[in-house]
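*Asks:*
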Amino acid sequence: MAAARSAAPRTGRNMEALLIVVAIGLAIGAYAMVGLAVNDALPPGMLGYGAGLGALALVLHLVVRKFAPYADPTLLPLAMLLNGLGLVMIHRVDLALGKGFLGSAAFKQLLWTTLAVVAATVIIVWLRDHRQLSRYTYSAMAGGLVLLLLPLVPFLGRTVNGARIWIFIGPFSFQPSEIAKILLTIFFAGYLVTARDSLSLAGRKVLWMQLPRAKDLGPLLTAWGVTLAVLVFERDLGTSLLFFGLFIGLLYIATERVSWVVLGMGLFLGGAFVATQLFSHVQGRVNYWLHPFREDMIDSSTQIVQGIFGMASGGLIGTGLGEGSPYGTTLSYSQSDMIFAALGEELGLAGLFAILLAFALIVERGLRTGIAARDGFGKLFATGLALSMALQVFVVVGGITRVIPLTGLTLPFMAAGGSSLLANWMIIAILLRISDSSRRPPTASEGPLFDLPFDELPDELKNDPEFQEDRRRLGGQENEPNSQGIPVGHSRASEDQHYRSADTEHGWDDQPGLDEPEWDNRPRTGGHQLGQNTRRRPDAPDYDQESAVNR
Amino acid sequence: MNSPIRRLAAVITLLFASLFISVTYIQVVAAKELEDHPRNLRTIAKERSRERGQILAGTKVIANSKAVEDSAYPFLREYPNGQMYAPVTGYYALLSGTYGLENAENSYLSGTADELFLRSLTTMLTGEQPKGASVETTIVPAAQKAAWDALGDQRGAAVALDPKTGDILAMVSKPSYNPNKLSTHDTTASRDERARLNADELEPLINRSIAQLYPPGSTFKIVTAAAALSNGDYAPDSENNIDGSTTITLPQTTATISNSGMHACGDGSPTLLEAFADSCNTTFARMAMDLGQDIMQEQAAKFGFGQELTVPQTVAKSSFAEGELNEPQLAQSGIGQYEVRTTPLQVAMLSAGVANDGVVMRPNLVKRIFSADGKTVSERSPEELSEAVTSDVADQLTEMMTATVREGTATNAQISGIEVAGKTGTAQNQPGENPHAWFTAFAPADDPQVAVAVVVERGGNAGSEASGGRVAAPIAKAVMEAVIK
Chain G
1 MAAARSAAPR
11 TGRNMEALLI
21 VVAIGLAIGA
31 YAMVGLAVND
41 ALPPGMLGYG
51 AGLGALALVL
61 HLVVRKFAPY
71 ADPTLLPLAM
81 LLNGLGLVMI
91 HRVDLALGKG
101 FLGSAAFKQL
111 LWTTLAVVAA
121 TVIIVWLRDH
131 RQLSRYTYSA
141 MAGGLVLLLL
151 PLVPFLGRTV
161 NGARIWIFIG
171 PFSFQPSEIA
181 KILLTIFFAG
191 YLVTARDSLS
201 LAGRKVLWMQ
211 LPRAKDLGPL
221 LTAWGVTLAV
231 LVFERDLGTS
241 LLFFGLFIGL
251 LYIATERVSW
261 VVLGMGLFLG
271 GAFVATQLFS
281 HVQGRVNYWL
291 HPFREDMIDS
301 STQIVQGIFG
311 MASGGLIGTG
321 LGEGSPYGTT
331 LSYSQSDMIF
341 AALGEELGLA
351 GLFAILLAFA
361 LIVERGLRTG
371 IAARDGFGKL
381 FATGLALSMA
391 LQVFVVVGGI
401 TRVIPLTGLT
411 LPFMAAGGSS
421 LLANWMIIAI
431 LLRISDSSRR
441 PPTASEGPLF
451 DLPFDELPDE
461 LKNDPEFQED
471 RRRLGGQENE
481 PNSQGIPVGH
491 SRASEDQHYR
501 SADTEHGWDD
511 QPGLDEPEWD
521 NRPRTGGHQL
531 GQNTRRRPDA
541 PDYDQESAVN
551 R
Chain S
1001 MNSPIRRLAA
1011 VITLLFASLF
1021 ISVTYIQVVA
1031 AKELEDHPRN
1041 LRTIAKERSR
1051 ERGQILAGTK
1061 VIANSKAVED
1071 SAYPFLREYP
1081 NGQMYAPVTG
1091 YYALLSGTYG
1101 LENAENSYLS
1111 GTADELFLRS
1121 LTTMLTGEQP
1131 KGASVETTIV
1141 PAAQKAAWDA
1151 LGDQRGAAVA
1161 LDPKTGDILA
1171 MVSKPSYNPN
1181 KLSTHDTTAS
1191 RDERARLNAD
1201 ELEPLINRSI
1211 AQLYPPGSTF
1221 KIVTAAAALS
1231 NGDYAPDSEN
1241 NIDGSTTITL
1251 PQTTATISNS
1261 GMHACGDGSP
1271 TLLEAFADSC
1281 NTTFARMAMD
1291 LGQDIMQEQA
1301 AKFGFGQELT
1311 VPQTVAKSSF
1321 AEGELNEPQL
1331 AQSGIGQYEV
1341 RTTPLQVAML
1351 SAGVANDGVV
1361 MRPNLVKRIF
1371 SADGKTVSER
1381 SPEELSEAVT
1391 SDVADQLTEM
1401 MTATVREGTA
1411 TNAQISGIEV
1421 AGKTGTAQNQ
1431 PGENPHAWFT
1441 AFAPADDPQV
1451 AVAVVVERGG
1461 NAGSEASGGR
1471 VAAPIAKAVM
1481 EAVIK
């Protein structure tokens, strides 16, 4: 305890800086390999590329250090790594297609990365508390729905590759569902945190399940209707799967009722099945998925077949960057929809596993942020963002590897596309913000309960013999070291320090105290290990509301 | 809310697990199969950017890779005399894969075989792909051309073997196809040609000489006679156990088997040789019933029936019967009808076995494989398949087969100055269709150099008037002359 006391609180920022250096190093190395393979020389743009990427990472890192010092230190390096490798692959295909620098997709992607980093910076600086967003629950819903259905507007939306999930304004194209993803997550989180009580009320019992009450079915049916509309009219199973999965997932977390999941899945599968029967274009997509190699299909299922052939040619360790042929007639859309297949060809199974693991880690850190979040909205919000990332990776990679039908969504951080980059960096920024607030030690103003004058303590605590014992041991004898060697009669500030170090002595790693911060659910007379129960903040602004919500 | 988040994390773990599995499946488990897929443009481009080995008949090139400019790929596969040699070479099509030798010897021809890698130190050190090796076939161009010309526009197949080695000297199938039209770099043309060939009712893509099964008709009497001479009280010049009647009624039925032309066999009490030379159905039907299914089946197997054969193309399995036969079925089978099915190659192996003192050699199409620098990579030595009959029985069968050509049903196969041994067949096909005309033979009878089998589907140009002696024997004769002279 004494050692812990003297240690400064660990924020993980130095670790983050180190990991960013590793991530950028990997990206620059990959860039160099492409140059060596294609032109037999280190690429002239290597330093510029590295400097650009490094500068972006540095800016973000410094912003986080200043404004969200306790944020999860792995999110930023992971996103940077994926973004960097994506840029390299896009650049590699540019080279093969003979694109000049300014007209290249990589240059465009670098611009979008810059813009996305700016957006992330703005969010971290401006959004001081994620709970602010819960005020915009219904505006977010309206905005999200409009964006989601925007591609259906004539002249604005356009069908690309069979799916109508793009809008075109002049020379600019945009996939609005990417931003809708964030807005609808805000809405789902905000709505469910208030509606969870009524939604979790049980209705009739069928088999082993408590069905929800019929009158609570409205939101589920609405979400179902919208997603089916997306499936049928935008012709994209991936988008509809993403949003419906997101809604069902959050509904389950808010209500803890499996019946919602079963009901929702049943509805979705049923609806999707009927849609395949009724609409030939949906059926076509399913057929290309099930039998892409059949003689009568192979000319239409070219895209998926090309991707699979490409990945197969990569094998275990890949052809090496710049040594495959992920472009032209052997692989189309290799910078956007099919970038995963292109990476698989040149980096092999080893590379794809690394990339999938990076995504899995981002999702894991996101879920952990959700678990650690101290308020219901934050829990649902962080979990929703992590879930949306997981679903999108599943939908995209699963589509390319024939786990599910191919969709028009793009691989987060890697695929060329501004909307996707922007949205996913915003997600990272929000996750950083939430994780900062959940990992941040209590400030002086919301200091430990233990420091309150005895009279102001809640009665139940005052009467707790265990607590009284603790108090007597620690603070009862003025200015004498107690049995644990901790000086007593210490200032309030040093007491803070003490709790803080106890709080963070395991760094940012898993730690029971961090992992289970549902302190407001615990009996107030529970065990009084210092730095646990006393972490309560009686004067935190929405303490009552939260505890009501979290019960 | 934390425990449902944990459960959600478990579900997400499953989602990711499915991705890890699917990626592993594509990149490791199914990778080879996917790389060999005929529509895999990567493989197509890779293979066509290297010079593929030649296929030769003697010194004659029958498949060649030519460097082409201004084409989608650097090397174009060409087949001089493509139609005639198509059953040998097969094809190397742009989008529909490979077939024939192009398929069976692909690893050598394309240069991916391990032996080719290990042979050359430079390729081992640099990892550079060696040039494709060439395949020298056992085909004798003169025999191939003779068979091709003699079959004319009739449907059918002709196979010639060297009875002493099993080497395939000629292998013709008609109608044929032009493999050049499949190997073209014009994607659409290649695909359309493939579709047209697939849709063709005459099935030109099938190599009839080894991949098509026919009822062998009376050529199968060689097997029945072999079984009789080996297992019973029979001799070529003996009338013992020989039924010479015009018609026999099959046991337990009203069905009958008659001799062709509805006449008695010989003078009504023929010797085995006379019955064989005249191809008497009653004699051999009775004989099969007397010998029983086991003996018949065993004899057929000794000639190669039911054997897995690759030459290296896979040969369809010939078969005597699919199950237990009753007496009438056995009688039918004894004259090569009912369920007896053979490839023309198998029928040629009957003659070849008799010619080679009763020993059937394993049939084979590839003589030698040599690398781009001319070194032999593999060379094949003759291999015995089985001993069909003893040397004595082989002599007796030879005597009967020479009589057939000298004075029996196969006088059309006579070659001046050379004694030919043979057997005709006229196989009943489906009702209402003209019979298949068969002939199998070897020559010279005293020092056999060639054994041959010819089938002309549905009587060929002779139609319902067809018989093995009339339609098929002259073709076999032409092939044998080409080999001997």
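Sequence lines, in order, name chains G and S.
Take 1 as the starting number for the first sequence in the numbering used here and just add one per residue.
Take 1001 as the starting number for the second sequence in the numbering used here and just add one per residue.
No residue lacks a Cβ here, since even glycine has one placed at the ideal position from N, Cα and C.
Keep in mind the model is a prediction, meaning the values are calculated, not measured.
In this structure, what does DSSP give as the bridge partners for His1436 of chain S?
*Replies:* One-based indexing of the second sequence puts residue 1436 of chain S at position 436. Answer by DSSP bridge pairing, in chain order: S:Ala1427.
*Asks:* Determine, using beta carbons only, whether Phe1320 of chain S comes closer than 7 Å to chain G.
*Replies:* As a position in the second sequence, residue 1320 of chain S is number 320, starting the count at 1. Judged by the 7 Å Cβ criterion, Phe1320 of chain S is not in contact with chain G.
*Asks:* Start and end of the beta strand (DSSP E) containing Leu1056 of chain S?
*Replies:* One-based indexing of the second sequence puts residue 1056 of chain S at position 56. Per DSSP, Leu1056 of chain S is one residue of the beta strand (DSSP E) stretching across 1055–1057.
*Asks:* Show which residues of chain G have a CB atom less than 8 Å away from the CB atom of Thr1184 of chain S.
*Replies:* On the second sequence, position 184 is the one that residue 1184 of chain S refers to. Taking the beta carbon of Thr1184 of chain S as reference, no residue of chain G falls within 8 Å; the closest one sits roughly 17 Å away.
*Asks:* State the Cα-Cα distance for the pair Ala140 of chain G and Arg213 of chain G, rounded to the nearest angstrom.
*Replies:* Locating residue 140 of chain G in the first sequence gives position 140, counting from the first residue. Locating residue 213 of chain G in the first sequence gives position 213, counting from the first residue. Roughly 27 Å between the two C-alpha positions.
*Asks:* Compare the C-beta of Ala1451 of chain S against all C-beta atoms of chain G and say whether one is closer than 7 Å.
*Replies:* Along the second sequence, one-based indexing puts residue 1451 of chain S at 451. Closer than 7 Å: no.
*Asks:* Helix, strand or coil: which one does DSSP assign to Asp1167 of chain S?
*Replies:* Stepping through the second sequence from its first residue, residue 1167 of chain S is reached at position 167. In this structure, DSSP gives Asp1167 of chain S an extended state, which the three-state scheme calls strand.
*Asks:* Name the residues in the segment 1006–1028 of chain S whose C-beta lies less than 9 Å from a C-beta of chain G; which are they?
*Replies:* Residues are counted here when their Cβ sits less than 9 Å from a Cβ of chain G; for the segment 1006–1028 of chain S these are Arg1006, Arg1007, Leu1008, Ala1009, Val1011, Ile1012, Thr1013, Leu1015, Phe1016, Ser1018, Leu1019, Phe1020, Ile1021, Ser1022, Val1023, Thr1024, Tyr1025, Ile1026, Gln1027, Val1028, given in chain order.
*Asks:* Mind listing, in chain order, the continuous beta strand (DSSP E) runs of no fewer than 3 residues lying wholly within the segment 1081–1162 of chain S?
*Replies:* 1134–1137, 1156–1161
*Asks:* So, does the CB of Arg1042 of chain S fall closer than 7 Å to a CB anywhere in chain G?
*Replies:* For this step, residue 1042 of chain S is matched to residue 42 along the second sequence. Taking Cβ atoms only, chain G reaches closer than 7 Å to Arg1042 of chain S, which makes this a yes.
*Asks:* Helix, strand or coil, according to DSSP, for Arg1208 of chain S in the structure here?
*Replies:* Counting from one through the second sequence, the residue named residue 1208 of chain S turns up at place 208. It is helical.
*Asks:* Can the beta-carbon of Asn83 of chain G be found closer than 7 Å to that of Phe413 of chain G?
*Replies:* Here residue 83 of chain G refers to the residue found at position 83 of the first sequence. Here residue 413 of chain G refers to the residue found at position 413 of the first sequence. Result yes, Cβ atoms of Asn83 of chain G and Phe413 of chain G sit closer than 7 Å.
*Asks:* Under 7 Å between beta-carbons, which chain S residues line up against Ser313 of chain G? List them in chain order, please.
*Replies:* Working through the first sequence from its first residue, we reach residue 313 of chain G at position 313. Near Ser313 of chain G (Cβ distances below 7 Å), the residues of chain S are Glu1035, Arg1042.
*Asks:* Closer than 7 Å, CB to CB, is Ala360 of chain G near chain S or not?
*Replies:* As a working mapping, residue 360 of chain G is identified with position 360 in the first sequence. Closer than 7 Å: yes.
*Asks:* Within 7 Å of any Cβ in chain S, is that where the Cβ of Glu346 of chain G sits?
*Replies:* Here the question's residue 346 of chain G lines up with position 346 in the first sequence. By this cut-off, Glu346 of chain G is not an interface position.
*Asks:* Which residues, in order along the segment 238–252 of chain G, keep a beta-carbon less than 8 Å from a beta-carbon of chain S?
*Replies:* Gly249, Tyr252
*Asks:* With C-beta atoms as the reference, is Ala1331 of chain S less than 7 Å away from Ala1285 of chain S?
*Replies:* Against the second sequence, residue 1331 of chain S aligns to sequence position 331. Against the second sequence, residue 1285 of chain S aligns to sequence position 285. A contact, by the Cβ cut-off of 7 Å.
*Asks:* Helix, strand or coil for Glu364 of chain G, going by three-state DSSP, please let me know.
*Replies:* To locate residue 364 of chain G, count along the first sequence from 1; it is residue 364. Here Glu364 of chain G sits in helix by DSSP.
*Asks:* Can you list the residues of chain G that Ala1031 of chain S reaches, using a CB-CB cut of under 7 Å?
*Replies:* As a position in the second sequence, residue 1031 of chain S is number 31, starting the count at 1. Ordered by position in chain G, the residues that pass the 7 Å Cβ test against Ala1031 of chain S are Ala312, Gly315.
*Asks:* Please report the distance separating the alpha-carbon of Ile1484 of chain S from that of Pro1328 of chain S.
*Replies:* Along the second sequence, read from residue 1 onward, the residue named residue 1484 of chain S stands at position 484. Along the second sequence, read from residue 1 onward, the residue named residue 1328 of chain S stands at position 328. When rounded, the distance between both Cα atoms is 42 Å.
*Asks:* Roughly how many angstroms lie between the CA atoms of Lys1221 of chain S and Thr1426 of chain S, to the nearest whole one?
*Replies:* In the second sequence, residue 1221 of chain S corresponds to position 221, counting from 1. In the second sequence, residue 1426 of chain S corresponds to position 426, counting from 1. In a straight line, the C-alpha of Lys1221 of chain S is about 12 Å away from that of Thr1426 of chain S.
*Asks:* Residues in the segment 363–381 of chain G with C-beta within 8 Å of chain S's C-beta atoms, listed in sequence order?
*Replies:* Taking 8 Å as the Cβ-Cβ cut-off against chain S, the residues of the segment 363–381 of chain G that qualify are Val363, Glu364, Leu367, Gly370, Ile371, Gly376, Lys379, Leu380.
*Asks:* Would you call Gln1054 of chain S buried or exposed, if buried means 16 or more other Cβ atoms sit within 10 Å of its Cβ?
*Replies:* The residue given as residue 1054 of chain S occupies position 54 in the second sequence. Its Cβ being crowded by 16 or more others within 10 Å, Gln1054 of chain S is buried.
*Asks:* Let me check understanding here. Comparing Cα to Cα, which of G:Val88, G:Ile24, G:Val63 lies closest to Gly320 of chain G?
*Replies:* By one-based count along the first sequence, residue 320 of chain G stands at place 320. Comparing Cα-Cα distances from Gly320 of chain G to each of G:Val88, G:Ile24, G:Val63, the minimum goes to G:Val88.
*Asks:* Tell me whether Arg1196 of chain S is buried or exposed, calling it buried when 16 or more other Cβ atoms sit within 10 Å of its Cβ.
*Replies:* Within the second sequence, numbered from 1, the residue matching residue 1196 of chain S stands at position 196. By the neighbour-count rule (16 or more Cβ atoms within 10 Å), Arg1196 of chain S is not buried but exposed.
*Asks:* What's the gap between the Cα of Glu1384 of chain S and the Cα of Gly1374 of chain S?
*Replies:* By 1-based counting over the second sequence, the position of residue 1384 of chain S is 384. By 1-based counting over the second sequence, the position of residue 1374 of chain S is 374. For Glu1384 of chain S and Gly1374 of chain S, the distance between alpha carbons rounds to 29 Å.
*Asks:* Quick one: give me the first and last residue of the beta strand (DSSP E) that Ala1453 of chain S is part of.
*Replies:* Translated into positions along the second sequence, residue 1453 of chain S becomes position 453. Ala1453 of chain S -> beta strand (DSSP E) spans 1450–1456.
*Asks:* With the cut-off set at 7 Å, would you say Ala189 of chain G and Gly370 of chain G are in Cβ contact?
*Replies:* Here the question's residue 189 of chain G lines up with position 189 in the first sequence. Here the question's residue 370 of chain G lines up with position 370 in the first sequence. Against a cut-off of 7 Å, the Cβ pair of Gly370 of chain G and Ala189 of chain G comes out as no contact.
*Asks:* Taking buried to mean at least 16 other C-beta atoms within 10 Å of its own C-beta, is Pro73 of chain G buried or exposed?
*Replies:* Start at 1 with the first residue of the first sequence, and residue 73 of chain G comes out as number 73. Buried, because 16 or more other Cβ atoms sit within 10 Å of the Cβ of Pro73 of chain G.
*Asks:* Could you tell me the distance, in whole angstroms, from the CA atom of Met265 of chain G to the CA atom of Gly271 of chain G?
*Replies:* As a position in the first sequence, residue 265 of chain G is number 265, starting the count at 1. As a position in the first sequence, residue 271 of chain G is number 271, starting the count at 1. A direct Cα-to-Cα measurement between Met265 of chain G and Gly271 of chain G gives close to 10 Å.
*Asks:* According to DSSP, simplified to helix, strand and coil, what is Thr1376 of chain S?
*Replies:* Counting from one through the second sequence, the residue named residue 1376 of chain S turns up at place 376. Thr1376 of chain S falls in the strand class under three-state DSSP.
*Asks:* Of the residues that make up the segment 398–417 of chain G, which ones have a beta carbon closer than 7 Å to any beta carbon in chain S?
*Replies:* Gly398, Thr401, Arg402, Val403
*Asks:* Consult DSSP for Gly1417 of chain S and reduce its assignment to one of helix, strand or coil.
*Replies:* The count along the second sequence starts at 1 and reaches residue 1417 of chain S at position 417. If DSSP states are grouped into helix, strand and coil, Gly1417 of chain S belongs with coil.
*Asks:* Considering Cα atoms alone, identify which of G:Leu231, G:Lys108, G:Gly318 is closest to Leu349 of chain G.
*Replies:* Counting from 1 along the first sequence, the entry for residue 349 of chain G is found at position 349. When each option's Cα is compared against that of Leu349 of chain G, the closest is G:Gly318.
*Asks:* Comparing C-alpha positions only, which one of G:Ala37, G:Trp112, G:Ala57 sits nearest to Ala415 of chain G?
*Replies:* To locate residue 415 of chain G, count along the first sequence from 1; it is residue 415. The candidate whose alpha carbon is nearest that of Ala415 of chain G is G:Trp112.
*Asks:* What residues match up with Arg1077 of chain S in a beta bridge as DSSP calls it?
*Replies:* Within the second sequence, residue 1077 of chain S is the residue found at index 77, counting from 1. Arg1077 of chain S is bridged to S:Ser1065.
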